[in-house]
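With this note's numbering applied, the sequence shown corresponds to residues 147 to 447, in that order.
Virtual Cβ for every residue (Gly too), placed ideally from N, Cα, C.
Step one of this worksheet: look at the structure below.
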Amino acid sequence: MQESLINLFFHYRMKVTIDPYAGFCFGVKKTIEIAEKELQQQEKLYCIGDIVHNQEEINRLKKSGLEITDFAALPKEKRANVLFRTHGEPPSSYKKVNNNGFTLIDGTCPIVLKLQLKIKDAFLEMEKIGGQVVIYGSKNHPEVVGLSGYANDKAIILESLDEIGQINFSKPIRLFAQTTKDKEIYNSIKEAITQKINDNNPTTDYKYFNTICSQISNRVPGLIDFCSKNEVIIFVSGKKSSNGKYLFNICKSINDKSYHISSIEEINPSWFKLIKTVGISGATSTPLWLMEEIANQIKTL
Ligand code: SF4
């Protein structure tokens, strides 16, 4: 009798697995390492905007002396250490840092830096021939604000396919995407522009660039597989994270029992009744330690 009860216990014990591909992308990892290294040498480091779209990780770094701020609130002291985060900044931010005598610690992801320079070149080219730089991205996302700065804030920003009407199809076009955007939507935007040009202005000079980061797109097949192998998916990311929203939508499309949380307090025990397998995944801004804490908490339920 006792043995069968033990068997029953093990039979219903939940298996909780962390997605092996989840966690910081290399750009975020690099910026956090830069911040941690600086904080070992300096008491204070001022980061312009959230260092990462994850409040738990921000709280951890704040304990070591990181301060999240904006240009208006920076201290007057000369040589204050100012960190630019992974998303990058427009050229005007570099001027502000230099003009105020601050010490710049540039944590911009190298992939974003490369994209900024591509946009700058495309903008100079388009200026000469009366063309347009177009960016598929979220208008207020810091990466897009930075990218747009390299086109003198004259880029056309498309948040969705429905907005392609802003483009003049008879003038040259250079199309880019924010690094963390949805690849499928970007493909449909590329094709819709091609179609418009073919139908009405076949001689238009149009080029597009595949600028969605492979750290995001390469995760999709593994995530799909992971979501189909677990009965419940707990997706952990800050609510502001762009790739978090994108990757969570993929989870939801594969597994209806997918839940998006940003902290341990949001776990709802009713999600796990009679469930045997739970998968924990997260965005490129989700620290591994947070997913581990959440996995351990679920195991105690
Ligand atoms: S997703 Fe890619 S481009 Fe964006 S920060 Fe990470 S590594 Fe850099």
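Query	Result
Taking Leu229 and Gly211 to be in contact with their CB atoms under 8 Å, please state how far apart those CB atoms are, rounded to whole angstroms.	Going by Cβ atoms, the distance from Leu229 to Gly211 rounds to 11 Å, so no, they are not a contact pair.
Counting by C-beta, which residues lie closer than 6 Å to a heavy atom of the ligand SF4, in chain order?	Cys171, Phe172, Gly173, Val174, Thr232, Cys255, Ile257, Val258, Thr325, Thr326, Cys359, Gln361, Ile362 and Thr430
My guess is that Ile380 and Ile426 are in contact by the Cβ rule of under 8 Å, so how many angstroms apart are they, rounded?	5 Å
Applying the 10 Å Cβ sphere with the 16-neighbour rule, what's the burial state of Lys445?	exposed
Please report the distance separating the alpha-carbon of Ile265 from that of Ala297.	6 Å
For Phe230, write down the residues that DSSP places opposite it in a beta bridge.	Asp252
Using DSSP with H/G/I as helix, E/B as strand and the rest coil, what is Tyr167?	coil
Assign Gln312 to one of three DSSP states: helix, strand, or coil.	helix
Check this for me: beta carbons of Phe355 and Leu321, under 8 Å apart or not?	yes
Ala218: buried (16+ other C-beta within 10 angstroms of its C-beta) or exposed?	exposed
Count Cβ pairs between the segment 333 to 341 and the segment 378 to 392 that sit closer than 8 Å; are there 3 or more?	no
Compare the beta carbon distance of Leu434 and Gly173 with 8 Å and say whether it is the shorter of the two.	no
In three-state terms, what does DSSP make of Val378?	strand
Quick one, which of Val291, Asn346 and Thr163 has its alpha-carbon nearest Ser239's?	Val291
So, under 8 Å CB-CB, Gly234 and Glu289 are touching, yes? Tell me the CB distance rounded to an integer number of Å.	6 Å
Thinking C-alpha only, which one of Leu393, Glu377, Lys403 and His287 is nearest Val162?	Glu377
Determine the extent of the beta strand (DSSP E) in which Cys193 is found, giving its start and end residues.	Leu191 to Ile194
Please report how far the alpha carbon of Gln186 lies from the alpha carbon of Tyr192, in whole angstroms.	14 Å
Determine the direct distance from the alpha carbon of Pro318 to that of Ile275, and round the result to whole angstroms.	8 Å
Do Leu393 and Leu145 come within 8 Å of each other at the CB atom, strictly closer than that value?	Only positions 147 to 447 of the chain appear in this structure, which leaves residue 145 out of reach.
Do you know offhand how far Thr350's Cα is from Val198's?	40 Å
What residues in its chain sit with their C-beta under 8 Å from that of Ile407, if we drop five residues either side in the sequence?	Ile380, Phe381, Val382, Ile413 and Ile440
Compare the C-alpha of Leu270 against each of Ala301, Thr430, Val366 and Arg206 and name the closest.	Ala301
Report the rounded CA-to-CA distance for Gln324 versus Gly283, giving the unit in angstroms.	5 Å
Please report the residue range of the alpha helix (DSSP H) in which Arg320 lies.	It is not in any alpha helix (DSSP H) - Arg320 instead sits in the beta strand (DSSP E) that spans Ile319 to Ala323.
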